[in-house]
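**Q** Before I ask anything, here is the structure I am working with.
There are 2 protein chains.
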Amino acid sequence: MTMMLPSILTQVDELVQPEIRAALERIDERTRLVAGYQLGYWDATGAPTGRGGKGLRPALALLSARAAGQPVERGLPAAVAVELVHNFSLLHDDVIDGDLERRHRPTAWAAFGVGPAILAGDALLGLADEVLCAAPDVDVNRGLSTLHTAVRRLIAGQAADVEFENRADVTLDECLAMARDKTAALLACSATLGAVVCGAPPAVVDGLDRYGERLGLAFQLVDDLLGIWGEPAVTGKPVLSDLRARKKSVPVVRALGVDGPAATRLAELYASPGDLSAADLALAANLIEETGARDWTEKQADRLLTEALAELDQLGEVGSAAGADVPGVHADLVAIAHFMTGRDY
Amino acid sequence: MTMMLPSILTQVDELVQPEIRAALERIDERTRLVAGYQLGYWDATGAPTGRGGKGLRPALALLSARAAGQPVERGLPAAVAVELVHNFSLLHDDVIDGDLERRHRPTAWAAFGVGPAILAGDALLGLADEVLCAAPDVDVNRGLSTLHTAVRRLIAGQAADVEFENRADVTLDECLAMARDKTAALLACSATLGAVVCGAPPAVVDGLDRYGERLGLAFQLVDDLLGIWGEPAVTGKPVLSDLRARKKSVPVVRALGVDGPAATRLAELYASPGDLSAADLALAANLIEETGARDWTEKQADRLLTEALAELDQLGEVGSAAGADVPGVHADLVAIAHFMTGRDY
């Protein structure tokens, strides 16, 4: 199904993107060209191309400030910081995974080389902290602590992901822990950071954190499903790209753990030497479906979304007591959760 | 000539290395193995190997706290942070440059793969900020600002270095600016950060900064000379490694800019396709020497060292007025400057 864009994403375009562009001015010209390409602002020659990514993470950060009863603008440094960290991780992940395409374009390393892409990632990671530090009237120390914890988990998740590629015995629990670290950590950080820097009470921060963690894992599960059954025209990635790279994504690990001939055949395909043919890739996708792992993963994503929305209901009560603009924020947080987990495939 | 190890380096072993090991506990186990390997604490299996690097940057950070009239311990978070940033940059630079050996061992990416090495670098960069943020009784905001500026310059320098490999028209000024960013920025940061976080007056910080910048460029020039004429047994790198990689280091760019047959022949060698033979490499080194660029670079390094030491004399007067333990600090800062620029070659 196709979802309407939540209105908060318009505010990301208007408020956050200009701040990110301004922050880029602080880094050297060579690295800025690569960073702005990654962010979607220009092509590899520097010619303007667009307004940047959808901005799901900055949208969550803006909403988290509002959930703390603060004007949306107070979440701005948090919104910029999480989008910079997100793009740092994409820059490095694409190098690490050797991925050639993202958002229908060559990845940054494919366009500029490995060195410039690594350095652009480094620059954005440093810039995220700088933006938070420079923000007036926010709790910098709490904000940095929240952001640093997310970065550490993000790195841990990616490190696990890399290690899994060389292991045949990855358990479903390990795989889910990896997905939580790799994806849910930064989304939970996004959904809390605006509130954290505004000095929101623990009940609000904790509720947003649980919402973000559950939504984040649901989002990753949907991404895993798209990595196998997604339309390249929609995902911006080559068809069956996760299977081609023999990724140990959640549906794959779930399928490998189910007793039966389909799982055995899938394990053989994953263990076979050399590139998988188009026929092998299609077979692998069918085998995963045959084990019930596609259906299971979809159900898990649905369950996590329901849990995330239940956290918002709880939060509504806390927020009303604290005097926040609860109905408006609530509706936006619900809309963005549906948007993030309802991607076409 | 062989220099005596300045006594401050013993304090780095005793005070700083345990703090770095403690900081590593914060990152995930997979990434910690790579980070500790890079830092020289263990081999690729995790078996203990030693006490870590020489610690020039942390030594400068400790001394900078003392130059501000503070006990050496107050410079500890700064010392940890600069050593973490230094190792972050080594991890990424070795990936970017494709270098296989460092300190007589395989580089981290050669031992663990590109992905784990990139992630370990990311983790150390994040950890540096975390350590500063968590430090009690220091000016965190000023400290982070100083550190972030150095990280940005370091990235700019490395980005320029990478770009220079594909350009035949690099000027000496561009090359020196690159060396200042790539190396002097973090050394100047090291020589000031301990003072900065202690809230030292601008006159002290600025003097240490000028000392660090000049010492840092001198250090890079010596490193450039070692990259061509250094003994592999001393440098821990393959013989003539910079020429093999066709690096546009300062002696090379100086040589290319001198009119005459030696420079023309050198330019031809650098522009020739394919790997340079052992004979070509030896010829290139001789050609650089023939242009006078080796001699010129040595003289520049000497001049910069003299200027760095003159800054210390000025600082001595400021420090005496402020009540710092000037003679002791002064002697250590002089000793470390000689140590850093007197490496065997």
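Chains as they are written, first to last, in my numbering: chain H, 1 to 345; chain U, 1001 to 1345.
The C-beta atom is built at its ideal place from N, Cα and C for all residues, glycine as well.
Values in this document were obtained by computation on a predicted structure and should not be read as measured data.
Tell me the residue span of the alpha helix (DSSP H) that contains C133 (chain H).
**A** From DSSP, the alpha helix (DSSP H) with C133 (chain H) extends over 114-134.
**Q** Can you give the beta carbon distance from T291 (chain H) to A271 (chain H), rounded, assuming they're within the 8 Å contact cut?
**A** So it is not a contact: roughly 17 Å between Cβ atoms.
**Q** According to DSSP, is P238 (chain H) part of a helix, a strand, or is it coil?
**A** P238 (chain H): coil per DSSP, three-state reduction.
**Q** Relative to the C-alpha of A1128 (chain U), which residue among H:H92, H:D137, H:L144, H:A117 is closest?
**A** Considering only alpha carbons, the answer is H:L144.
**Q** Distance cutoff 8 Å, beta carbons only. Does V1114 (chain U) sit that close to anything in chain H?
**A** So yes, V1114 (chain U) belongs to the interface.
**Q** So, is N87 (chain H) buried or exposed, given that buried needs 16 or more other C-beta atoms within 10 angstroms?
**A** Buried, because 16 or more other Cβ atoms sit within 10 Å of the Cβ of N87 (chain H).
**Q** Find the residues of chain H that neighbour G1126 (chain U), judging by a C-beta separation of less than 8 Å, and give them in chain order.
**A** Those within 8 Å of G1126 (chain U) in chain H are L125, H148, V151, R152, I155.
**Q** Distance check for L269 (chain H) and V16 (chain H), CA to CA, integer angstroms please.
**A** C-alpha separation (whole angstroms): 45 Å.
**Q** Cβ closer than 8 Å: which chain H residues qualify as neighbours of Q1158 (chain U)?
**A** Correct list: G115, L119.
**Q** Cutting at 8 Å between CB atoms, please list the residues of its own chain near I20 (chain H), excluding the five before and the five after it.
**A** For I20 (chain H), where only same-chain residues beyond five positions count, the Cβ hits under 8 Å are L39, G52, V80, E83, L84.
**Q** Please work out which residues of its chain come closer than 7 Å, Cβ to Cβ, to S1190 (chain U), disregarding the five sequence neighbours upstream and downstream, and give them in chain order.
**A** Contacts found: R1057, L1060, A1061, V1082, G1212.
**Q** I need the DSSP call for P232 (chain H), collapsed to helix, strand or coil.
**A** In this structure, P232 (chain H) counts as helix in the three-state DSSP scheme.
**Q** Among U:A1067, U:L1124, U:I1155, which residue has its Cα nearest to the Cα of H148 (chain H)?
**A** Checked all of U:A1067, U:L1124, U:I1155; the closest Cα to H148 (chain H) is U:L1124.
**Q** By DSSP, does R359 (chain H) sit in helix, in strand, or in coil?
**A** Outside the modelled stretch of chain H, which goes from 1 to 345, sits residue 359 (chain H), for which no answer is possible.
**Q** With 8 Å as the threshold, decide whether the Cβ of E1014 (chain U) is near any Cβ in chain H.
**A** So no, E1014 (chain U) is outside the interface.
**Q** Say the cut is 7 Å; is the CB of Q1011 (chain U) nearer than that to a heavy atom of the ligand GDP?
**A** Judged by which ligands are present, the structure shown has none, so any question about the ligand GDP falls away.
**Q** With DSSP collapsed to three states, give me the class of R102 (chain H).
**A** Correct three-state label for R102 (chain H): strand.
**Q** Could you tell me which residues DSSP pairs with W42 (chain H) in its beta bridges?
**A** According to DSSP, which records beta bridges pairwise, W42 (chain H) is partnered with H:P48.
**Q** Can you check whether the CB of C1175 (chain U) is closer than 8 Å to the CB of K1248 (chain U)?
**A** Yes, the pair counts as a contact, with Cβ atoms nearer than the cut-off.
**Q** Which first and last residues belong to the alpha helix (DSSP H) in which A1061 (chain U) is found?
**A** Element bounds for A1061 (chain U): 1056-1067.
**Q** Checking 8 Å against the spacing of the C-beta atoms, do G227 (chain H) and A184 (chain H) come in under that value?
**A** For G227 (chain H) and A184 (chain H), no; Cβs fall outside 8 Å.
**Q** Using a 10 Å radius around the Cβ and a threshold of 16 neighbouring Cβ atoms, would you call K299 (chain H) buried or exposed?
**A** Exposed: under 16 other Cβ atoms inside 10 Å.
**Q** Spatial neighbours of A1160 (chain U) within its chain, please: C-beta separation below 6 Å, excluding the five flanking residues on both sides.
**A** Counting only Cβ-Cβ distances below 6 Å, and skipping sequence neighbours, we find M1178.
**Q** How is T192 (chain H) classed by DSSP in three states: helix, strand or coil?
**A** It is helical.
**Q** Assuming contact is defined by CB atoms lying nearer than 8 Å, are A279 (chain H) and L243 (chain H) in contact in what I supplied?
**A** Taking 8 Å as the Cβ cut-off, A279 (chain H) and L243 (chain H) do not qualify as a contacting pair.
**Q** Taking the continuous alpha helix (DSSP H) assigned at P77 (chain H), which residues delimit it?
**A** That run of the alpha helix (DSSP H) goes 76-97.
**Q** What span of residues does the alpha helix (DSSP H) with V326 (chain H) cover, start to end?
**A** Counting along the chain, the alpha helix (DSSP H) containing V326 (chain H) begins and ends at 326-341.
**Q** Along the chain, where does the alpha helix (DSSP H) that runs through D173 (chain H) open and close?
**A** That run of the alpha helix (DSSP H) goes 172-179.
**Q** Given that a residue counts as buried once 16 or more other Cβ atoms are within 10 Å of its Cβ, and exposed if not, what is H330 (chain H)?
**A** Flag for H330 (chain H) reads buried.
**Q** Could you give the distance in angstroms between the alpha-carbon of V197 (chain H) and the alpha-carbon of S64 (chain H)?
**A** Straight-line Cα distance between these residues: approximately 10 Å.
**Q** Less than 8 Å separating the beta-carbons of D122 (chain H) and I1096 (chain U)?
**A** No, the Cβ-Cβ distance between D122 (chain H) and I1096 (chain U) is not below 8 Å.
**Q** Can you find a CB in chain U that lies within less than 8 Å of the CB of S145 (chain H)?
**A** By this cut-off, S145 (chain H) is an interface position.
**Q** Let me know the secondary structure DSSP gives P18 (chain H) once reduced to three states.
**A** Three-state DSSP puts P18 (chain H) in a helix.
**Q** Tell me whether A245 (chain H) sits in a helix, a strand or coil according to DSSP, three-state version.
**A** Correct three-state label for A245 (chain H): coil.
**Q** Between which two residues does the alpha helix (DSSP H) harbouring A279 (chain H) extend?
**A** Here the alpha helix (DSSP H) through A279 (chain H) covers 278-290.
**Q** With a threshold of 8 Å between beta carbons, is I96 (chain H) in contact with chain U?
**A** Interface residue, yes.
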